[in-house]
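Protein chains: 2
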Amino acid sequence: MPRQAAALKPIEKVQRYPLDAFLADIGDIGDIEWTSEPTDLKRRSRDFFWYSPILSEQLKDKLADVIVTPKDENEVIRIAAACARYRIPLTPRGGATGNYGQCVPLEGGVVLDMAAMNRIEWQKPGRVRVQAGAKLWDIDAATRPHGFELRMHPSTKRSAQIGGFVAGGSGGAGSVTFGGMREPGNILAARIVTLEERPRAIELRGDAAQKISRAYGTTGIITELEMPLAPAQAWIDVIVAFEDFIEAIRFGRSIAMADGIVKKLVSPIEWPLPQHFAAFRSFCPEGKCLVLGMIGDMSMESFETLLEPLRGSITYKAPADDSLGKVPLYEHTWNHTTLQMLKADRSVTYLQCLYPHDRLVDAATEVAKMFGDEVMQHLEFIRINGVMAANGIPVIRYRSPERLYEIIAGFEACGVMIANPHVVTLEDGSRYKRVDADQLGFKREVDPMGLLNPGKMRSFVPHQ
Amino acid sequence: MPRQAAALKPIEKVQRYPLDAFLADIGDIGDIEWTSEPTDLKRRSRDFFWYSPILSEQLKDKLADVIVTPKDENEVIRIAAACARYRIPLTPRGGATGNYGQCVPLEGGVVLDMAAMNRIEWQKPGRVRVQAGAKLWDIDAATRPHGFELRMHPSTKRSAQIGGFVAGGSGGAGSVTFGGMREPGNILAARIVTLEERPRAIELRGDAAQKISRAYGTTGIITELEMPLAPAQAWIDVIVAFEDFIEAIRFGRSIAMADGIVKKLVSPIEWPLPQHFAAFRSFCPEGKCLVLGMIGDMSMESFETLLEPLRGSITYKAPADDSLGKVPLYEHTWNHTTLQMLKADRSVTYLQCLYPHDRLVDAATEVAKMFGDEVMQHLEFIRINGVMAANGIPVIRYRSPERLYEIIAGFEACGVMIANPHVVTLEDGSRYKRVDADQLGFKREVDPMGLLNPGKMRSFVPHQ
Numbered sequence: 000m001p002r003q004a005a006a007l008k009p010i011e012k013v014q015r016y017p018l019d020a021f022l023a024d025i026g027d028i029g030d031i032e033w034t035s036e037p038t039d040l041k042r043r044s045r046d047f048f049w050y051s052p053i054l055s056e057q058l059k060d061k062l063a064d065v066i067v068t069p070k071d072e073n074e075v076i077r078i079a080a081a082c083a084r085y086r087i088p089l090t091p092r093g094g095a096t097g098n099y100g101q102c103v104p105l106e107g108g109v110v111l112d113m114a115a116m117n118r119i120e121w122q123k124p125g126r127v128r129v130q131a132g133a134k135l136w137d138i139d140a141a142t143r144p145h146g147f148e149l150r151m152h153p154s155t156k157r158s159a160q161i162g163g164f165v166a167g168g169s170g171g172a173g174s175v176t177f178g179g180m181r182e183p184g185n186i187l188a189a190r191i192v193t194l195e196e197r198p199r200a201i202e203l204r205g206d207a208a209q210k211i212s213r214a215y216g217t218t219g220i221i222t223e224l225e226m227p228l229a230p231a232q233a234w235i236d237v238i239v240a241f242e243d244f245i246e247a248i249r250f251g252r253s254i255a256m257a258d259g260i261v262k263k264l265v266s267p268i269e270w271p272l273p274q275h276f277a278a279f280r281s282f283c284p285e286g287k288c289l290v291l292g293m294i295g296d297m298s299m300e301s302f303e304t305l306l307e308p309l310r311g312s313i314t315y316k317a318p319a320d321d322s323l324g325k326v327p328l329y330e331h332t333w334n335h336t337t338l339q340m341l342k343a344d345r346s347v348t349y350l351q352c353l354y355p356h357d358r359l360v361d362a363a364t365e366v367a368k369m370f371g372d373e374v375m376q377h378l379e380f381i382r383i384n385g386v387m388a389a390n391g392i393p394v395i396r397y398r399s400p401e402r403l404y405e406i407i408a409g410f411e412a413c414g415v416m417i418a419n420p421h422v423v424t425l426e427d428g429s430r431y432k433r434v435d436a437d438q439l440g441f442k443r444e445v446d447p448m449g450l451l452n453p454g455k456m457r458s459f460v461p462h463q
Numbered sequence: 000m001p002r003q004a005a006a007l008k009p010i011e012k013v014q015r016y017p018l019d020a021f022l023a024d025i026g027d028i029g030d031i032e033w034t035s036e037p038t039d040l041k042r043r044s045r046d047f048f049w050y051s052p053i054l055s056e057q058l059k060d061k062l063a064d065v066i067v068t069p070k071d072e073n074e075v076i077r078i079a080a081a082c083a084r085y086r087i088p089l090t091p092r093g094g095a096t097g098n099y100g101q102c103v104p105l106e107g108g109v110v111l112d113m114a115a116m117n118r119i120e121w122q123k124p125g126r127v128r129v130q131a132g133a134k135l136w137d138i139d140a141a142t143r144p145h146g147f148e149l150r151m152h153p154s155t156k157r158s159a160q161i162g163g164f165v166a167g168g169s170g171g172a173g174s175v176t177f178g179g180m181r182e183p184g185n186i187l188a189a190r191i192v193t194l195e196e197r198p199r200a201i202e203l204r205g206d207a208a209q210k211i212s213r214a215y216g217t218t219g220i221i222t223e224l225e226m227p228l229a230p231a232q233a234w235i236d237v238i239v240a241f242e243d244f245i246e247a248i249r250f251g252r253s254i255a256m257a258d259g260i261v262k263k264l265v266s267p268i269e270w271p272l273p274q275h276f277a278a279f280r281s282f283c284p285e286g287k288c289l290v291l292g293m294i295g296d297m298s299m300e301s302f303e304t305l306l307e308p309l310r311g312s313i314t315y316k317a318p319a320d321d322s323l324g325k326v327p328l329y330e331h332t333w334n335h336t337t338l339q340m341l342k343a344d345r346s347v348t349y350l351q352c353l354y355p356h357d358r359l360v361d362a363a364t365e366v367a368k369m370f371g372d373e374v375m376q377h378l379e380f381i382r383i384n385g386v387m388a389a390n391g392i393p394v395i396r397y398r399s400p401e402r403l404y405e406i407i408a409g410f411e412a413c414g415v416m417i418a419n420p421h422v423v424t425l426e427d428g429s430r431y432k433r434v435d436a437d438q439l440g441f442k443r444e445v446d447p448m449g450l451l452n453p454g455k456m457r458s459f460v461p462h463q
């Protein structure tokens, strides 16, 4: 009997989908956990899209009809088969730490909560195989004793799941060395379940695994991932304060470009953003711009050597401590920089940018001149296609959608590319305004009816 | 008593230097090993300069007057003091695997053989401190059980010493990831002894350690080095065969630029060079150009994925085995590529180049068109200042010095920079035709009389 069967109340409004039939199907054999409690539906149909006032308005009323929590791949297959049979949308949900509503069910239906599929399947030197619902922090905790760690993680490492990261993320701490998730070699394999009446489980190895990367679960339900690991290092958290942002960028770039300096994070952050870094506030001098870093212990002396000719001073330096109960430095980088300010001031939002790597300082100077206090810049160094580049995650004082789009146009006029985080589709959120051709083609194979996370891959039109 | 005192024969020719007084000084207290046996003098005044017919002619008669082999830094200090007192040149000698006569005593005097100072002082995670005479292979053998290895090594790893590598080398296997020896962070510290009547031992840390990098021992006698280590990886040796060299370059570059693929070596090599790779000849198909690689085990599948769209085929793939008695794959890369051909054909020589990273394929095509069979190209991918670049070590069918200089001019016309390996001075061998200003200034402090390896730093003029 379904464990939460008691929660199934008579549904008074007209059902969008034949849920009773669906539940009867998946409940028939075993004990698949599900809920349709309104508070559950509300809480588990959301992610951190509220960073965007535009998405916040657009997505706030989107609700699943039922949340289903499979324990294993067999249950995933049964759920997928029932969704196919009754033409019910299915939207996979990981840790729900994303910012674009990637796990918000635009057309309702089933939200597939992967939290219970969190097993570490195996570890070998340099690689790990996990179920998609494993949390990044737990994976690191499991691999570190063997001398390895995930190559990269978002600032939401403590709650994000690996499946969600691969399905929606692009990179994070570690990408300054290994590049983003989409660089060849950063996903070894993915196992997916198709959305068909007779679902198939497919192993995608090597380049084929990229078919599920940043596809929001539209190209198959990810059940397992095989990820490459980095040798675990003794990381030193460091904060360096500078008089102005351009100096912070120059120093950050010199560290980013120094291949002899082992690093996981190089994040120049403009004042007044550090004003909101509560846990590290005493190390953030008033009015100063920062570079936050995670530096290999053996490289710390060289890091300080590169700082010598510049007018920067180290205000914090300590071994990285990622134990629960402590706020890690990395929770002030990537989109946590934005979050730290949002905690105090809900009137701000953010953008996602790629600064031109060959005129980084010029572009940052132009942006500062164009927008003044309305934009607070924040960069993350990251390798892209073998070149050291800088992502930007500026925090914006929000006035209106129109003004936000003016600001986007302004950034673009400065030569900064924008991946708009105020949209829900893969295409609109891409720097290239299109979805990967491989992914679109693959979707036809694995989700012919277009039931997986519908509305996210705009280019896809199911056959009638 | 000096152990080799019996070898001191009456020296019949007129002595250039007051050797008897020198030997009396260093023999006074302890037991410093030395020899002036003619066969020793001849054998231990040379390196692999004979790769260059020009240097071969120029250096073949250069001889030390005495070879001294210190056991510890105290002995180095006594030898240095005696050299200063009697104004005798001192040229440090490591494994003598260099190709520019860096340890050839142009003005005779003392050759300081560092072979007995080969102790591993200590290891910590990510770093090692060693005496300058430690062999690279021995350092790796000592650090691997602790999970680490040297970040980079030349193809002469089995006989090269760390002091000589730092004093004369530029990079090697590993530089495709960590860049060359001169990148910040790749030398943590160096301890040197000055050439003065009261020699000082100086610890150079961080950037200061670069004062002895590629200075041929002209800026102090290196006694100890603290080197950063890389986590030891399970490396896979791989050979990929291509129809033409341009395809090999394209594939090599795609691997070099893929930051998600862990690698230590990416070496495109033009046919007929592989014809001379005796130990791997059966894996080198007739007429095919190769890419030799050392790839992290966990990245091998991704490596093969990137090969799929290209017309290349893997002819060899096996875990790297660096045990003595086997010929390692890396002994076919860097300047061992040249050596393998020289073993069969002493009529060839080589150049050292930096190809333009943004028009690598064009430059290689132009070189091929300009010189045909006279030049056999060979590239080594290496990071320089944070950018993935390609060194070239082409093998040249030698005709005359004049023709060699025409070829150099031809390469330069194709946009390829040359670091001429047919010269003995630091300045002439530099891509920039000058010695580092820091090194020149530092030399005044540590070798005011210009007795350290005289003739190698052309810009230095001792005070009268």
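Residue numbers (numbering that gives the first Met the number 0), protein chains in the order written: chain B, 0 to 463; chain R, 0 to 463. Glycine included, every Cβ here is placed at the ideal spot set by N, Cα and C. Since the model is a prediction, treat every value here as computed from it, not as a measurement.
Go through its chain and collect everything with a Cβ distance to B:Val460's Cβ below 8 angstroms, but skip five positions before and after it. For the purposes of this step, residue 460 of chain B is taken as the residue at position 461 of the first sequence. So the list reads Gly449, once near-sequence residues are dropped.
Proximal chain R residues relative to B:Phe177, where beta-carbon distance stays under 7 angstroms: Within the first sequence, numbered from 1, the residue matching residue 177 of chain B stands at position 178. Simply Asp258 and Gly259.
Cross-chain neighbours of R:Pro124 in chain B, by beta carbon under 9 angstroms: Numbered from 1 along the second sequence, position 125 holds the residue referred to as residue 124 of chain R. Gln232, Ala233, Asp296 and Met297, listed in chain order.
With burial defined as no fewer than 16 other Cβ atoms inside 10 Å of the residue's Cβ, what is the status of B:Val239: buried or exposed? Against the first sequence, residue 239 of chain B aligns to sequence position 240. The residue is buried, with at least 16 neighbouring Cβ atoms inside 10 Å.
Near R:Leu105, which residues of its chain fall below 6 angstroms by C-beta distance, leaving aside the five closest residues on each side in sequence? Position 106 of the second sequence, counted from the first residue, corresponds to residue 105 of chain R. Cβ within range, chain order: Lys61 and Gly454.
Please identify, using Cβ separations under 8 angstroms, the residues of the region 383-407 of chain B that lie next to chain R, in order along the chain. Asn384, Gly385, Val386 and Met387
Opposing strand residues paired with R:Gln14 [DSSP bridges]: Here residue 14 of chain R is taken as the residue at index 15 of the second sequence, counted from 1. Answer by DSSP bridge pairing: none, since R:Gln14 is not bridged.
Just mark B:Tyr431 as buried or exposed, buried being the case when its beta carbon has 16 or more other beta carbons within 10 Å. Along the first sequence, one-based indexing puts residue 431 of chain B at 432. Flag for B:Tyr431 reads exposed.
Determine the burial state of B:Arg190: buried for a count of at least 16 other Cβ atoms within 10 Å of its Cβ, exposed for fewer. Within the first sequence, the letter at position 191 stands for residue 190 of chain B. Under this definition B:Arg190 is a buried residue.
Pull up the distance between the alpha-carbon of B:Cys288 and that of B:Met375, whole angstroms please. Within the first sequence, residue 288 of chain B is the residue found at index 289, counting from 1. Within the first sequence, residue 375 of chain B is the residue found at index 376, counting from 1. In a straight line, the C-alpha of B:Cys288 is about 11 angstroms away from that of B:Met375.
Can you find a CB in chain B that lies within less than 9 angstroms of the CB of R:Ser301? The sequence position of residue 301 of chain R within the second sequence is 302, counting from 1. For R:Ser301, the answer is yes, since a Cβ of chain B falls inside 9 angstroms of its Cβ.
Length of the line joining the Cα atoms of B:Gly205 and B:Val326: If you number the first sequence from 1, residue 205 of chain B lands on position 206. If you number the first sequence from 1, residue 326 of chain B lands on position 327. If I take the Cα positions, the gap works out to 35 angstroms.
At the level of alpha carbons, what is the spacing between B:Arg280 and R:Asp296? Translated into the one-based positions of the first sequence, residue 280 of chain B becomes position 281. Translated into the one-based positions of the second sequence, residue 296 of chain R becomes position 297. So the alpha carbons of these two residues sit roughly 43 angstroms apart.
I need the boundaries of the beta strand (DSSP E) containing B:Asp236, first residue and last residue. Sequence index remark: in the first sequence, residue 236 of chain B carries index 237 (1-based). That run of the beta strand (DSSP E) goes Trp234 to Phe241.
Residue(s) in a DSSP beta bridge with R:His377: Position 378 of the second sequence, counted from the start, is the residue given in the question as residue 377 of chain R. Its beta-bridge partners are R:Ile268.
Interfacial residues, the region 200-211 of chain R to chain B, with Cβ spacing under 7 angstroms: Arg204, Gly205 and Asp206
Applying the criterion that 16 or more other CB atoms from any shown protein chain within 10 Å of the CB defines a buried residue, is B:Ala255 buried or exposed? As a working mapping, residue 255 of chain B is identified with position 256 in the first sequence. Label assigned to B:Ala255: buried.
Proximity below 9 angstroms, CB of R:Leu135 to CB of R:Ile87: Translated into positions along the second sequence, residue 135 of chain R becomes position 136. Translated into positions along the second sequence, residue 87 of chain R becomes position 88. No.
For a test of the three-state rule: what should DSSP assign to B:His152, helix, strand or coil? Position 153 of the first sequence, counting from 1, holds the residue named residue 152 of chain B. DSSP places B:His152 in strand when its eight states are reduced to three.
So if I threshold CB-CB distances at 9 angstroms, which residues from the region 183-194 of chain B count as touching chain R? Pro183, Gly184, Asn185, Ile186, Leu187 and Ala188
So R:Gly146 contacts chain B; which residues on that side make the cut at Cβ distance below 9 angstroms? Taking the first residue of the second sequence as position 1, residue 146 of chain R is located at position 147. Simply Gly146 and Pro230.
Per DSSP, B:Ala278 is paired with what? Position 279 of the first sequence, counted from the first residue, corresponds to residue 278 of chain B. Answer is none; B:Ala278 lacks a bridge partner.
Which residues in chain B have a C-beta closer than 7 angstroms to the C-beta of R:Thr304? List them in chain order. For the purposes of this step, residue 304 of chain R is taken as the residue at position 305 of the second sequence. Near R:Thr304 (Cβ distances below 7 angstroms), the residues of chain B are Pro183, Gly205 and Asp206.
Using DSSP bridges, identify the partner residues of R:Asn390. Reading the second sequence from its first residue, position 391 is the one you call residue 390 of chain R. According to DSSP, which records beta bridges pairwise, R:Asn390 is partnered with R:Leu353 and R:Glu379.
Could you pull out every unbroken alpha helix (DSSP H) segment of at least 4 residues lying fully inside the region 34-83 of chain R, listed in chain order? 37-42 and 52-58
Under 7 angstroms Cβ-Cβ, which residues of chain R neighbour B:Pro318? Residue mapping note: residue 318 of chain B aligns to position 319 of the first sequence, counting from 1. The contacting residues do not exist; B:Pro318 stays about 12 angstroms from chain R at best.
Counting pairs of Cβ atoms below 8 angstroms between the region 379-391 of chain B and the region 343-359 of chain B, do you hit three or more? yes
Among R:Leu54, R:Ile186, R:Gly184 and R:Glu202, which residue has its Cα nearest to the Cα of R:Arg192? For the purposes of this step, residue 192 of chain R is taken as the residue at position 193 of the second sequence. In the sequence as displayed, the identity of residue 192 of chain R is Val instead of Arg. That would be R:Glu202, whose Cα lies nearest to the Cα of R:Val192.
Taking only the alpha-carbon atoms, compute the straight-line gap between R:Phe147 and R:Met293 and give it to the nearest angstrom. Looking up residue 147 of chain R in the second sequence gives position 148. Looking up residue 293 of chain R in the second sequence gives position 294. Distance between the alpha carbons of R:Phe147 and R:Met293: 16 angstroms.
Inside the region 151-218 of chain B only - alpha helix (DSSP H) runs reaching at least 4 residues: 161-167 and 174-177
Quick check on the DSSP output: the alpha helix (DSSP H) that includes B:Gln101 runs from which residue to which? Position 102 of the first sequence, counted from the start, is the residue given in the question as residue 101 of chain B. B:Gln101 -> no alpha helix (DSSP H), and no H or E assigned at all.
Would you say B:Pro355 faces chain R, with C-beta separation under 9 angstroms as the test? By one-based count along the first sequence, residue 355 of chain B stands at place 356. No, B:Pro355 does not count as interfacial toward chain R.
Below 7 angstroms on C-beta distance, what does B:Pro153 contact in chain R? As a first step, residue 153 of chain B is located in the first sequence; it is residue number 154 there, counting from the start. The contacting residues do not exist; B:Pro153 stays about 17 angstroms from chain R at best.
Kindly confirm or deny that the region 205-225 of chain B and the region 355-374 of chain R touch, where touching means at least three C-beta pairs closer than 8 angstroms. no
DSSP has R:Glu32 in a bridge; who is on the other side? The residue labelled residue 32 of chain R in the question sits at position 33 within the second sequence. Answer is R:Thr68, bridged to R:Glu32.
Quick one: using the 10 Å Cβ neighbour count with 16 as the cut-off for buried, is R:Glu405 buried or exposed? Along the second sequence, one-based indexing puts residue 405 of chain R at 406. R:Glu405 is exposed by the Cβ-count criterion.
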